[in-house]
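Peer 1: After the C-alpha cells below, expect a handful of questions from me.
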Amino acid sequence: MADPFIEVNDLTVSIGSVRVVDQLNFNLNAGQTLGVLGPNGIGKTTLLKTIAGVYQADRGEIHLQGRALEAWPRKALAQRLGLLLQHTHYAFEASCEDIALIGRHPHLSALARESDADRALARKALHEVGLGDFIKRSCMNLSGGESRRLALATLLVQDPKLMLLDEPTNHLDPAHQVASLNLIFERVKNQSHAAIMALHDANLAACYCSHVLLLFGRGEWAFGLTKQLLNAATLSRLYGCPIRCIKDDDQEVFAIGNAV
Amino acid sequence: MIVSSTRARWVFALLAVLLPLSLLISLSVGSSGWIWPWSNDQTSSAILFELRLPRAIAALIVGSLLATAGCLMQVLLRNPLADPYILGLSGGASAFALAGMMLGWAWLPVPVSAFAGAMLTTLVVFFLARGEGAWTTTRILLTGVVVASGWGALISLMLATGDDASLRGMLFWLMGDISHARSSVLWLIPLLLGLALIWLRSRSLNVLSAGALQAELLGEPSQKRFWEIFLAASLLTGIAVAMAGAIGFVGLIVPHLMRLLVGSDHRRLLPAAAAFGASFLLLADTLARTLLSPRQLPVGVLTALIGVPLFLFLLRRARGIR
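Read top to bottom, the protein sequences are chains P and C. Read left to right, the first sequence gives residues 1 to 260 (our numbering). Read left to right, the second sequence gives residues 261 to 582 (our numbering).
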C-alpha cells in the first residue's frame, strides 16, 4: 500500500506556555477530509500553521507524500500544500483577478509572467466561488463574505493536493457555506485531494468530513471517523456546554441545549 | 478603482513622451538663456554638454532611484504611504554629510560621507530589527523611526553649533539640492540594469504585497526576500541621497500617483514610477534653477511645494486607504 498522503507522528505543538496537542498521531489519505474542532483559542489555527510548515512544532514529525515537511523546498511544498488563512488583509488596491492570480505563483518559474491560461484559471476560480462579477473589481471594498470567497478562490487557483482551511465558512451565509464546502469536497472526491479544515459548526463537519480531530485543551486530543466520534456527549464535553442531537428521518442535527 | 490595460497603455505612452520632453526642456532653458540642444554654436554646446546635461542626467537618476526605492519600501512595510527615508536613511546620510562639512574634511567628499551614513543606518536598522525572532513590519518600522530621530537630534546639534559660513551649505543639503550633482550619461547603463533586475522580480513583489505569511504559503521565502528588498531599497536610496541630499516627496508621491494611474502590479508600477520619478525631478530641478534665476533654489523645496498639496489632494480622493 502506498504511503498515506500526510502522516503526523508524535507531534507536540505549543503556543506560548499553552499546549495545543501532545503527541498527536494521525494519517490522512487522498480523498479524505479532516475536520478540526475545538473551542476558541484552543490552537486550531496554530495546528494548521504547523502542518503548513510555517509554525515550529516542539517535537514530532510531519510527512507529506512520504517526505518530511522540512525536507521539501518551500516552492515544491506550495505546489502540494496550501493554507486558507483565517484573516486576509489587502494593503494595496488590486483587482480580484490579480489577487486570485497570485495562487499561480508556486507553479511558475521565477522570472515567468502569468500567461492567459493562468488568468483563465483565476477567472474560473472566481466564477466558482460566485465572484464572477468581481473579476475587474477592487479587492479593497469587499464585504466579509466576499473577501472570504476571494481568499478561497486564491487557494483554488493554487490548487494544492492538501488543502488546509482555517474556518473557511467564516462570514458566509448558509448558501455560501454549503457552496464553498461543496467546492472543496468536489476536489477531494474527484481529484483525490485531501483537506484539513478548522470548523466551528459540528453539523458541517458531520456532512463534509470523513474524519474529525477534536482538541480539548492542555494537549488532549481525539482523532477518528466522524461517524464514531461525533456525538452529543463528546461535543458537550468539547465545548463545555450542553449539546443535543436531534433526529428526524433524514438527518441528525446537533443543537445547543440550553440556548434561550 | 481598478486600472484597465487600455488606460495603463495610455499612461505609458504619455510617460514615453514626457521623459524626452522634460529632458529637452531642461537642456534648453537656464540662466544663460534658451539654447536649442541641436545648436552648433561653440559656447552653447559647451553650456549644454558640460553644465546642463550632466546635471539633467543626475536629476533623472536620482528621481528614478527615489521612486523605485519608494515602491520597494511600500512592499516592505505593506503600506502605500511609506517612503524611502522612513527608516532613517536620509537622517544617517545627512548627519554624516553635515559632519563632513562642519569639520571641513577636504579629503572626504560629501557624497562619500553621505553614502557611508546611509549604509551605516541600513546596517544598524538591519541588525537591531533582526534580533532573535522573525522579521515583522512593526519591529523594523519602530527601529527605523527611532534611529531616524536619533540622527535628527545629531543634525540639530550640528546646525545649532555650526558656524554661519557652513550653515547655508548644510541647509541646502538637508533640503535636497542637485546643483552640485554631475553625472555622466554612462551611469544610465548600471541604473537601467539595476532597475531591470528589480523589475524581473515583479511577480515576487506582487506576492509579497499580500503579506509575509501568505507569500510564504505561496512558496516565497519571505524572511529572506524582505531583507533583500530592504537592502536593495537602502542601496538605491543611499546612492540618491549621496548624489543630491535628502530630496523629499519624490519617493512618496511618485509611487503613490503611479499606483493610481497604472495599478499595483509591479510589472507596470516599477517602470512607470521610475520614468515619472525621473521626469518629475528633472522638471522640478529645471524650475529650481530658473524660477529665481540667476539664484538657484534647492530642488527639495520645490518637490515639497508641489508634493504636499498634490499628496493631500490624492489622500482625500483615495478612500480605500486604511
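The C-beta atom is built at its ideal place from N, Cα and C for all residues, glycine as well.
#1: Can you tell me where the beta strand (DSSP E) holding asparagine 40 (chain P) begins and where it ends?
#2: Between aspartate 173 (chain P) and the ligand COA, is the CB less than 6 Å from at least one heavy atom?
#3: When you compare the region 93-112 of chain P with the region 53-60 of chain P, are there three or more beta-carbon pairs, one atom per stretch, that lie closer than 8 Å?
#4: Taking only beta-carbon atoms, is phenylalanine 134 (chain P) less than 7 Å away from chain C?
#5: What are the partner residues of glutamate 220 (chain P), as DSSP defines its beta bridges?
#6: Residues in the region 310-337 of chain C with C-beta within 7 Å of chain P's C-beta atoms, listed in sequence order?
#7: What does glutamine 158 (chain P) reach in chain C if we use C-beta pairs closer than 7 Å?
#8: Identify the contact partners of glutamine 483 (chain C) in chain P, using a Cβ-Cβ distance below 9 Å as the criterion.
#9: For aspartate 166 (chain P), write down the residues that DSSP places opposite it in a beta bridge.
#10: I think glycine 505 (chain C) touches glycine 567 (chain C), with their Cβ atoms under 8 Å apart; what is that distance to the nearest whole Å?
#11: Using DSSP with H/G/I as helix, E/B as strand and the rest coil, what is alanine 68 (chain P)?
#12: I'd like to know whether the C-beta of serine 350 (chain C) is nearer than 7 Å to at least one C-beta of chain P.
#13: Run the CB neighbour count on arginine 269 (chain C), radius 10 Å, all protein chains shown included, and call it buried at 16 or more, exposed below.
#14: Whose Cβ in chain P lies nearer than 7 Å to the Cβ of isoleucine 262 (chain C)?
#15: Looking at leucine 85 (chain P) and histidine 211 (chain P), is the spacing between their C-beta atoms short of 7 Å?
#16: Between which two residues does the beta strand (DSSP E) holding arginine 182 (chain P) run?
#17: From the beta carbon of alanine 378 (chain C), is the nearest beta carbon of chain B less than 7 Å away?
#18: Cutting at 7 Å between CB atoms, please list the residues of its own chain near phenylalanine 356 (chain C), excluding the five before and the five after it.
#19: Serine 469 (chain C) CB to nearest chain P CB: under 7 Å?
#20: Please return the same chain residues whose Cβ sits closer than 6 Å to the Cβ of methionine 1 (chain P), not counting the five positions on each side in sequence.
#21: Taking the alpha helix (DSSP H) that leucine 461 (chain C) belongs to, which residues open and close that run?
#22: Quick check: the Cα distance between alanine 205 (chain P) and glycine 31 (chain P), rounded to an integer number of angstroms?
#23: From the beta carbon of serine 553 (chain C), is the nearest beta carbon of chain P less than 7 Å away?
#24: Only counting runs of 4 or more residues, tell me where the alpha helix (DSSP H) segments fall wholly within the region 83-121 of chain P, in order along the chain.
#25: Any chance the region 528-548 of chain C sits against the region 327-346 of chain C, with 3 or more Cβ pairs inside 8 Å?
#26: Just reading off the alpha helix (DSSP H) that serine 265 (chain C) is part of, what are its end residues?
#27: Three-state secondary structure (DSSP) at asparagine 273 (chain P)?
#28: Taking the straight line between their C-alpha atoms, what separation do you get for arginine 519 (chain C) and leucine 529 (chain C)?
#29: Are threonine 226 (chain P) and cysteine 209 (chain P) closer than 7 Å when you measure CB to CB?
#30: For the region 112-135 of chain P, enumerate the residues whose C-beta is nearer than 9 Å to any C-beta of chain C, in chain order.
#31: Between which two residues does the alpha helix (DSSP H) holding phenylalanine 486 (chain C) run?
#32: Here's the rule: buried if 16 or more other CB atoms are within 10 angstroms of the residue's CB, otherwise exposed. What is proline 168 (chain P)?
#33: In the DSSP assignment, find the alpha helix (DSSP H) that holds serine 147 (chain P) and state where it starts and stops.
#34: Can you grab the Cα-Cα spacing for the pair histidine 105 (chain P) / glutamine 334 (chain C), in whole Å?
#35: Here's the rule I'm using: 16 or more other beta-carbon atoms within 10 Å means buried, otherwise exposed. How should glycine 479 (chain C) be labelled?
#36: Does any residue of chain C have a CB that is nearer than 7 Å to the CB of arginine 218 (chain P)?
Peer 2: Straight from the coordinates:
#1: Where asparagine 40 (chain P) is concerned, there is no enclosing beta strand (DSSP E), given that its DSSP letter is neither H nor E.
#2: Absence of the ligand COA is noted for the structure shown, with no ligands found whatsoever.
#3: no
#4: So no, phenylalanine 134 (chain P) is outside the interface.
#5: P:Gly217
#6: In summary, no residue of the region 310-337 of chain C has a CB separated from any CB of chain P by less than 7 Å.
#7: Leu478
#8: Under the 9 Å cutoff, chain P gives no residues; its nearest Cβ is about 11 Å from glutamine 483 (chain C).
#9: Within the DSSP secondary-structure output, aspartate 166 (chain P) pairs in a beta bridge with P:Ala198.
#10: Going by Cβ atoms, the distance from glycine 505 (chain C) to glycine 567 (chain C) rounds to 16 Å, so no, they are not a contact pair.
#11: strand
#12: no
#13: So arginine 269 (chain C) counts as exposed.
#14: Ser95, Lys136, Arg137 and Ser138
#15: Contact: no.
#16: A small fix is needed here, since residue 182 (chain P) is asparagine in this sequence, not arginine. Segment 174-190 is the alpha helix (DSSP H) holding asparagine 182 (chain P); no beta strand (DSSP E) there.
#17: Among the protein chains in the structure shown, which are P and C, there is no chain B.
#18: Here phenylalanine 356 (chain C) has Ser373, Ala374, Ala376 and Gly377 as same chain residues with Cβ atoms under 7 Å from its own Cβ, once five neighbours each way along the sequence are excluded.
#19: Residue-level contact by beta carbon holds for serine 469 (chain C) and chain P, with a gap shorter than 7 Å.
#20: The predicted model places methionine 1 (chain P) with a pLDDT of 48, which falls under 50 and marks its position as unreliable; any figure quoted below should be read in that light. No residues qualify anywhere along the chain.
#21: Contrary to the premise, residue 461 (chain C) reads as arginine rather than leucine in this sequence. Unbroken run through arginine 461 (chain C): none, as it is neither H nor E.
#22: 15 Å
#23: no
#24: 96-101
#25: yes
#26: It spans 265-288 - the alpha helix (DSSP H) in which serine 265 (chain C) sits, taken as one unbroken run.
#27: One cannot answer for residue 273 (chain P) here, as it falls past the ends of chain P, which runs 1 to 260.
#28: 6 Å
#29: yes
#30: Ala112, Arg113 and Glu114
#31: Here the alpha helix (DSSP H) through phenylalanine 486 (chain C) covers 482-504.
#32: buried
#33: 144-158
#34: 21 Å
#35: buried
#36: no
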